[in-house]
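Worksheet for the structure shown next.
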Amino acid sequence: MKRYFALMMLCGMLAACTTTQKSTGIGTVAGATIGGIIGHQSGKGGEGAAIGAAVGGVGGYIAGEKMGQKKFCPVGGEVFDESVQYCPTHGVELKYQTK
Ligand SMILES: [Zn+2]
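FYI, in my numbering the residues of the sequence shown are 106 to 204.
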């Protein structure tokens with residue numbers, strides 16, 4: 106469990122990982138932190154952190170799925186991240202890809 110968690114953390118930091126994996130990592134860390142606080146207050150720190158990590162991981166995964174939506178250039182067809190608004194080559198507004 107500890108090893109798996111460390112892997113997730115590492116994965117979240119690697120640029121090679123997809124947005125979904127990154128968000129899952131962030132969600133897991135946030136969940137573990139919140140869970141740790143809740144667990145600490147109820148006197149079960151470890152348990153709370155584990156529950157928080159599980160919940161945060163799932164939440165982060167869902168958020169990552171939404172964030173992972175891609176945009177494409179209607180002129181050249183290049184694919185960009187959702188964060189990009191205009192095509193740097195053609196200067197036109199990017200459209201969302203429909204699955
Ligand atoms: Zn373009």
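Using N, Cα and C, we set each Cβ at its ideal position, and we do this for glycine too.
With a cutoff of 7 Å, THR194 counts as near ligand 1, since its C-beta is closer than that to a heavy atom of the ligand. Distances taken from the Cβ of VAL180 to the heavy atoms of ligand 1 include one shorter than 7 Å. The three-state reading of DSSP puts LYS200 in strand, counting E and B together. Leaving aside the five residues that flank ALA137 on each side, the residues in its chain whose CB is nearer than 7 Å to its CB run, in chain order, ALA154, GLY157, ALA158, GLY161. Distance from the CA of CYS178 to the CA of TYR191, rounded to the nearest whole angstrom, comes to 8 Å.
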